[in-house]
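Colleague: Here it is, the structure, as structure tokens.
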Amino acid sequence: MTLKLHRRGACLLLSLASLNCGIATTTHAQGADVVMEEIVVTARKRGTESIQDIGGSIQVLDGDALAETVSIGFADYMREVPGLSANSSGTGQAQLSMRGISAARLNHANPNIPSTVSLYFDETPISTSGFNPDSALFDLNRVEVLRGPQGTLFGASSMSGAIRLIPNDPVMDELRATASVTGFGTEDGSGSYSGHGILNLPVNDRFALRGVAYNVSNGGYIDNIYTGEEDYNDENILGGRLTGLWDVTNSLSAKAMVMYQNLDADGRPQEQRRNDPAETTTGFGYDLALPGESLDQLIITDERQNVKFVDNEFEDEFVLASLQLDLEVDRYSFTSITSYFDREMDNTLDDTRRTRNLLGLANALGAAGQPVFALGDYDPVTLDGAIFLEQVDLENKTRNEKFTQELRVNSRFSGPFNFVAGLYFEDDSRQLDQVNDLDGLDAWIASPAGLDGFALGSTFGSPLENAYFDGTFDVDTTQFAAFAEASYEFGDYELTAGGRFFDYEQEAFIRWQGWVEFSNDRLDEKTSESGFNPMVELAYRPSDDMTLYAKAAKGFRVGSVQQFINPVFCADELADLGFDGVPTTIDGDSLWNYEAGAKTTLFGGTTTANISVYQMDWEDARTQTFLACGWIVEFSIVDIVSRGVELEIVSQPTDRLGLSFAAAYNQSEVDGDLDPSAPPIASDGDEAPFAPEWAVNAGFRYEIANALRGLDWYLRGDVSYVSSQFNELGTEQLERIELPSSTVLNLYTGMMRDNWEFGVFVRNLTDERIVMGADTDRQRPAQLTVGRPRNAGVQFTYNFAGD
Numbered sequence: 001m002t003l004k005l006h007r008r009g010a011c012l013l014l015s016l017a018s019l020n021c022g023i024a025t026t027t028h029a030q031g032a033d034v035v036m037e038e039i040v041v042t043a044r045k046r047g048t049e050s051i052q053d054i055g056g057s058i059q060v061l062d063g064d065a066l067a068e069t070v071s072i073g074f075a076d077y078m079r080e081v082p083g084l085s086a087n088s089s090g091t092g093q094a095q096l097s098m099r100g101i102s103a104a105r106l107n108h109a110n111p112n113i114p115s116t117v118s119l120y121f122d123e124t125p126i127s128t129s130g131f132n133p134d135s136a137l138f139d140l141n142r143v144e145v146l147r148g149p150q151g152t153l154f155g156a157s158s159m160s161g162a163i164r165l166i167p168n169d170p171v172m173d174e175l176r177a178t179a180s181v182t183g184f185g186t187e188d189g190s191g192s193y194s195g196h197g198i199l200n201l202p203v204n205d206r207f208a209l210r211g212v213a214y215n216v217s218n219g220g221y222i223d224n225i226y227t228g229e230e231d232y233n234d235e236n237i238l239g240g241r242l243t244g245l246w247d248v249t250n251s252l253s254a255k256a257m258v259m260y261q262n263l264d265a266d267g268r269p270q271e272q273r274r275n276d277p278a279e280t281t282t283g284f285g286y287d288l289a290l291p292g293e294s295l296d297q298l299i300i301t302d303e304r305q306n307v308k309f310v311d312n313e314f315e316d317e318f319v320l321a322s323l324q325l326d327l328e329v330d331r332y333s334f335t336s337i338t339s340y341f342d343r344e345m346d347n348t349l350d351d352t353r354r355t356r357n358l359l360g361l362a363n364a365l366g367a368a369g370q371p372v373f374a375l376g377d378y379d380p381v382t383l384d385g386a387i388f389l390e391q392v393d394l395e396n397k398t399r400n401e402k403f404t405q406e407l408r409v410n411s412r413f414s415g416p417f418n419f420v421a422g423l424y425f426e427d428d429s430r431q432l433d434q435v436n437d438l439d440g441l442d443a444w445i446a447s448p449a450g451l452d453g454f455a456l457g458s459t460f461g462s463p464l465e466n467a468y469f470d471g472t473f474d475v476d477t478t479q480f481a482a483f484a485e486a487s488y489e490f491g492d493y494e495l496t497a498g499g500r501f502f503d504y505e506q507e508a509f510i511r512w513q514g515w516v517e518f519s520n521d522r523l524d525e526k527t528s529e530s531g532f533n534p535m536v537e538l539a540y541r542p543s544d545d546m547t548l549y550a551k552a553a554k555g556f557r558v559g560s561v562q563q564f565i566n567p568v569f570c571a572d573e574l575a576d577l578g579f580d581g582v583p584t585t586i587d588g589d590s591l592w593n594y595e596a597g598a599k600t601t602l603f604g605g606t607t608t609a610n611i612s613v614y615q616m617d618w619e620d621a622r623t624q625t626f627l628a629c630g631w632i633v634e635f636s637i638v639d640i641v642s643r644g645v646e647l648e649i650v651s652q653p654t655d656r657l658g659l660s661f662a663a664a665y666n667q668s669e670v671d672g673d674l675d676p677s678a679p680p681i682a683s684d685g686d687e688a689p690f691a692p693e694w695a696v697n698a699g700f701r702y703e704i705a706n707a708l709r710g711l712d713w714y715l716r717g718d719v720s721y722v723s724s725q726f727n728e729l730g731t732e733q734l735e736r737i738e739l740p741s742s743t744v745l746n747l748y749t750g751m752m753r754d755n756w757e758f759g760v761f762v763r764n765l766t767d768e769r770i771v772m773g774a775d776t777d778r779q780r781p782a783q784l785t786v787g788r789p790r791n792a793g794v795q796f797t798y799n800f801a802g803d
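With the working numbering, the residue at position 614 of the sequence shown is 614, and numbering never jumps.
Next comes the structure, spelled out in structure tokens:
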């Protein structure tokens with residue numbers, strides 16, 4: 001299969017080369033009037049460069065197109081980028097992966113799982129593992145998606161790629177204002193609306209301000225059968241951004257930005273599977289319902305339904321501030337970027353089923369002789385005084401503070417040699433506080449020992465009353481890096497080589513306590529690592545219309561301190577799984593990416609066709625398993641090989657019609673069987689989680705100028721297909737769920753004049769069921785995150801431009 005895949009990729013590369021050499025001359029001779037607008041990127045940190053002139057697989061989403069398609073967050077543009085996937089639990093809760101580089105999914109109880117895809121807002125890294133911030137996409141210039149390791153220039157969390165959200169900068173010579181409102185309805189869901197305003201204000205010929213403010217209200221579409229509440233997963237997003245640009249002198253400029261956003265979601269867009277045997281019973285096989293509950297409250301009958309004893313509320317508030325200084329001196333440009341990112345998340349988990357299961361077991365072992373989902377000093381026969389476990393929530397509060405400083409220098413030599421080099425410092429601190437208190441717990445523990453089947457009789461160090469669980473996970477990671485990348489041109493060739501030296505240290509303090517922890521646990525641990533990550537690329541430009549490239553690059557991800565694992569309860573199980581004692585740290589992991597590609601401009605500049613073929617060898621991929629003793633262990637023992645082909649074609653055949661096509665084929669699998677003594681989490685040939693084999697997107701935009709009484713009219717549409725994928729490796733500890741394939745069709749049309757635009761849209765026209773994630777560790781039955789069903793609406797935008 002490997003040989004066939006690379007043969008097909010090589011044939012496609014040769015075909016594109018032949019097509020370009022055989023047709024370009026003829027098309028130019030015809031004197032075509034239509035030429036596509038050049039797409040520029042800053043992916044190499046050397047200023048703006050044409051995407052067709054540099055190596056690497058890069059896809060750019062235009063900011064105007066994002067606005068026209070009412071794209072607000074990650075879920076709105078993810079399907080436009082084949083090769084990019086995610087395990088999502090909702091807005092602001094996505095675990096990103098690229099090119100099938102995924103081995104472990106989001107764990108709500110661990111803020112310390114590094115991402116494999118880095119997320120940047122302008123020049124500032126904002127990645128936060130499985131809870132990547134979902135900044136609203138208003139007033140963006142473009143989104144740059146860089147596939148493959150970007151470790152040389154973008155650091156540790158870009159092991160499989162990087163996403164850069166590039167906002168519009170202030171403009172010195174134009175007063176401009178924009179106001180836009182949107183409203184839409186959702187099939188079997190609540191109404192949604194959004195509004196935003198943009199103001200570009202030149203203060204003088206050297207200083208300008210640009211601000212954007214927005215409010216988004218997304219209606220829910222999931223019904224809670226337990227409470228009878230319909231569309232309970234509504235959310236509201238409020239935010240804004242202010243940027244100031246000052247040309248201090250002809251050679252020195254300063255850009256300062258501050259951004260604020262608050263997301264408040266009443267629930268997650270998750271559905272429960274029908275006919276799941278865990279609907280009405282606990283893990284130990286007890287009937288789940290309390291005496292006052294009906295089975296009708298526990299059994300779902302249709303799609304987009306769930307049983308939530310407690311709404312999974314999620315509040316996400318962040319502030320991002322940055323200062324960028326650019327200095328031009330002779331043949332060099334110097335850049336300093338200072339940033340501060342402060343984010344707080346309140347994440348409520350429904351822990352009712354799991355708590356009823358454990359307390360029911362405890363009471364069944366006691367004098368009651370049967371499961372009783374209750375606490376308090378109650379009579380085990382008559383149940384007088386019982387405090388029933390009607391609703392149990394686990395509150396997770398996370399605080400993330402990140403300070404970064406980057407200094408770099410770019411050469412601007414007129415000769416064949418140029419370089420970029422820099423220093424990077426990061427201080428990232430995260431604190432997770434978890435609280436789970438149950439009314440009546442202390443009274444239950446103090447009651448006669450025969451009632452408490454576990455007869456533990458202690459709150460295990462927690463100062464809180466009724467402390468079922470009380471925990472803190474404090475992590476501070478300090479990282480220093482030095483990087484450089486240099487290019488040398490000789491004839492039609494350009495050789496680029498570079499590397500990044502990194503050194504990091506992480507200190508962590510973990511405190512787990514409370515009754516369910518069965519002990520008062522502490523872990524104070526450090527881990528550190530240093531290393532070097534090289535890259536080399538050879539580009540060949542046989543003509544102005546073609547770039548061929550081959551590259552090899554290493555990507556890496558920092559290690560971390562392990563979650564606490566209780567040695568009393570788990571030592572024997574860990575030994576059986578091949579661990580020598582209780583692990584307290586996890587090593588960093590890395591991969592090598594080998595890639596070749598062709599970038600061609602065809603038909604007189606009306607079409608670009610880019611293709612890349614790659615293989616990524618990921619050794620000792622970091623993953624995890626859930627122990628029968630109740631704790632989680634992470635380790636790096638699985639090898640994964642990811643191979644694929646990516647193709648993107650963009651065409652402007654006439655001044656009215658624009659076409660696009662992008663496709664990615666990926667085969668990401670476990671390479672080799674694990675040692676017999678290793679945890680039974682995977683076998684040779686197992687597909688990597690959240691790695692669809694196929695992803696395809698095709699779109700068009702047709703426009704007629706002055707179509708009706710001076711109004712311009714446009715029609716655009718796109719269709720995307722994502723094949724099925726799994727949520728886990730072949731683990732025996734958790735259920736492995738296959739997420740189904742989906743095909744989504746969107747249509748947009750509108751009329752516009754010089755200063756206003758009115759649009760109508762229908763998204764997910766066929767009402768496809770889109771499954772974007774699966775959660776099995778905490779919930780039984782499993783929770784499936786589903787995308788928004790068919791929705792239709794309107795958008796009105798007014799623009800004002802002055803002197």
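All residues carry an ideal CB built from backbone N, CA and C; glycine is no exception.
Only counting the same chain, and skipping five residues up and downstream in sequence, which positions put a Cβ closer than 8 Å to that of glycine 47?
Modeller: The residues are Ser333, Asn410.
Colleague: Quick check on glycine 604: does DSSP put it in helix, strand or coil?
Modeller: DSSP places glycine 604 in helix when its eight states are reduced to three.
Colleague: Just to check my reading of the structure: serine 804 and alanine 691 have Cβ atoms closer than 8 Å, yes? What is that Cβ distance to the nearest angstrom?
Modeller: This structure does not reach residue 804, given that the chain is present from 1 up to 803, and the question cannot be answered.
Colleague: When DSSP labels each residue in this structure, what does glutamate 863 get in the three-state scheme?
Modeller: Examination of residue 863 is not possible in this model, given that the chain is present from 1 through 803 alone.
Colleague: Identify which residue in Gln562, Ala386, Asp544, Ala94 has its Cα closest to the Cα of phenylalanine 603.
Modeller: Considering only alpha carbons, the answer is Asp544.
Colleague: Determine the extent of the beta strand (DSSP E) in which valine 181 is found, giving its start and end residues.
Modeller: Residues 175 to 186.
Colleague: I need the boundaries of the beta strand (DSSP E) containing isoleucine 72, first residue and last residue.
Modeller: That residue, isoleucine 72, is in no beta strand (DSSP E); it is neither H nor E in DSSP.
Colleague: If you draw a straight line from the C-alpha of aspartate 316 to the C-alpha of aspartate 428, how long is it?
Modeller: Going by the C-alpha atoms only, they are around 18 Å apart.
Colleague: Would you kindly work out how many angstroms separate the C-alpha atoms of serine 651 and arginine 79, rounded to a whole number?
Modeller: Going by the C-alpha atoms only, they are around 19 Å apart.
Colleague: Please classify arginine 500: is it buried, with 16 or more other beta-carbons within 10 angstroms of its beta-carbon, or exposed?
Modeller: With 16 or more other Cβ atoms within 10 Å, it is buried.
Colleague: When you compare the CB positions of phenylalanine 341 and threonine 124, do they come within less than 8 Å of one another, or not?
Modeller: In this structure, threonine 124 lies closer than 8 Å to phenylalanine 341 by Cβ.
Colleague: Should alanine 103 and leucine 747 be called a contact, given that it needs their Cβ atoms to be closer than 8 Å?
Modeller: No, the pair does not count as a contact, with Cβ atoms beyond the cut-off.
Colleague: Hey, how far is the Cα of threonine 607 from the Cα of leucine 659?
Modeller: Using only the alpha carbons, I get a separation of about 9 Å.
Colleague: Classify threonine 186 as buried or exposed, calling it buried when 16 or more other Cβ atoms lie within 10 Å of its own Cβ.
Modeller: It is buried - the Cβ of threonine 186 has at least 16 other Cβ atoms within 10 Å.
Colleague: What do you get for glutamate 426, buried or exposed, if any count of 16 or more other CB atoms within 10 angstroms of its CB means buried?
Modeller: Counting Cβ neighbours within 10 Å, glutamate 426 comes out buried, since at least 16 surround it.
Colleague: On the criterion of 16 or more Cβ atoms from any shown chain inside 10 Å, does tyrosine 493 qualify as buried, or is it exposed?
Modeller: Exposed, since its Cβ has fewer than 16 Cβ neighbours within 10 Å.
Colleague: With a floor of 4 residues, list each alpha helix (DSSP H) that falls wholly inside the stretch 688 to 723, ordered by position along the chain.
Modeller: Runs of the alpha helix (DSSP H) inside the stretch 688 to 723: none found.
Colleague: Taking only three categories from DSSP, how would you classify isoleucine 445?
Modeller: Here isoleucine 445 sits in helix by DSSP.
Colleague: If we cut at 8 Å on Cβ distances, does glycine 630 have a partner in chain D?
Modeller: Absence of chain D from the displayed structure is noted, only one protein chain being present.
Colleague: Is DSSP giving glutamate 279 helix, strand or coil here?
Modeller: Of the three classes helix, strand and coil, the one that applies to glutamate 279 here is coil, per DSSP.
Colleague: How many angstroms separate the CA atom of serine 519 from the CA atom of arginine 430?
Modeller: Straight-line Cα distance between these residues: approximately 24 Å.
Colleague: Taking the alpha-carbon positions, what's the leucine 238 to aspartate 134 distance?
Modeller: C-alpha separation (whole angstroms): 12 Å.
Colleague: Among the residues of its own chain, which have a CB less than 6 Å from the CB of phenylalanine 796, if the five just before and after it don't count?
Modeller: Closer than 6 Å at the Cβ level, and outside the excluded window around phenylalanine 796, lie Val181, Phe758.
Colleague: Measure the beta-carbon distance from arginine 147 to isoleucine 166 and round it to whole angstroms, keeping in mind my assumption that it falls under 8 Å.
Modeller: With a Cβ gap of about 17 Å, arginine 147 and isoleucine 166 do not count as contacting.
Colleague: What residue ranges within the stretch 349 to 400 form continuous beta strand (DSSP E) runs of no fewer than 3 residues, ordered along the chain?
Modeller: As far as the stretch 349 to 400 is concerned, it has no whole beta strand (DSSP E) run of at least 3 residues.
Colleague: Which residue spans inside the stretch 543 to 587 form an unbroken alpha helix (DSSP H) run of at least 4?
Modeller: Here the runs fully enclosed are 567 to 576.
Colleague: From the DSSP output, read off the bridge partner residues of asparagine 200.
Modeller: DSSP lists Arg176, Arg210 as partners of asparagine 200.
Colleague: Roughly how many angstroms separate the alpha carbons of aspartate 266 and aspartate 122, rounded to a whole number?
Modeller: If I take the Cα positions, the gap works out to 30 Å.
Colleague: Mark glutamine 563 as exposed unless 16 or more other C-beta atoms lie within 10 angstroms of its C-beta, in which case mark it buried.
Modeller: Per the 10 Å Cβ criterion, buried.
Colleague: Hey, quick one: how far does the alpha helix (DSSP H) through glycine 239 stretch, first residue to last?
Modeller: Unbroken run through glycine 239 is the beta strand (DSSP E), 235 to 247; no alpha helix (DSSP H).
Colleague: When the Cα atoms are used, what is the spatial distance from threonine 26 to threonine 654?
Modeller: Its pLDDT being 33, under 50, threonine 26 is placed unreliably by the model, and the measurement read from it follows with that caveat. Approximately 17 Å between the Cα atoms of the pair.
Colleague: Taking 8 Å as the threshold, find out whether the stretch 205 to 217 comes into contact with the stretch 276 to 291 through three or more Cβ pairs.
Modeller: They do not touch, by the three-pair rule.
Colleague: Name the residue from Leu323, Ser339, Glu537, Glu344 whose alpha carbon lies nearest to the alpha carbon of aspartate 264.
Modeller: That would be Glu344, whose Cα lies nearest to the Cα of aspartate 264.
Colleague: Identify which residue in Arg273, Ala698, Gly498, Phe373 has its Cα closest to the Cα of lysine 551.
Modeller: Of the listed residues, the one whose Cα sits closest to lysine 551 is Gly498.
Colleague: Going by other Cβ atoms of all chains shown within 10 Å of its Cβ, with 16 needed for buried, is glycine 22 buried or exposed?
Modeller: With a pLDDT of 35 at glycine 22, under the threshold of 50, the modelled position of this residue cannot be trusted; read the value that follows with caution. So glycine 22 ends up on the exposed side.
Colleague: Identify the residues that DSSP records as bridge partners of alanine 508: which are they?
Modeller: According to DSSP, which records beta bridges pairwise, alanine 508 is partnered with Val475, Glu525.
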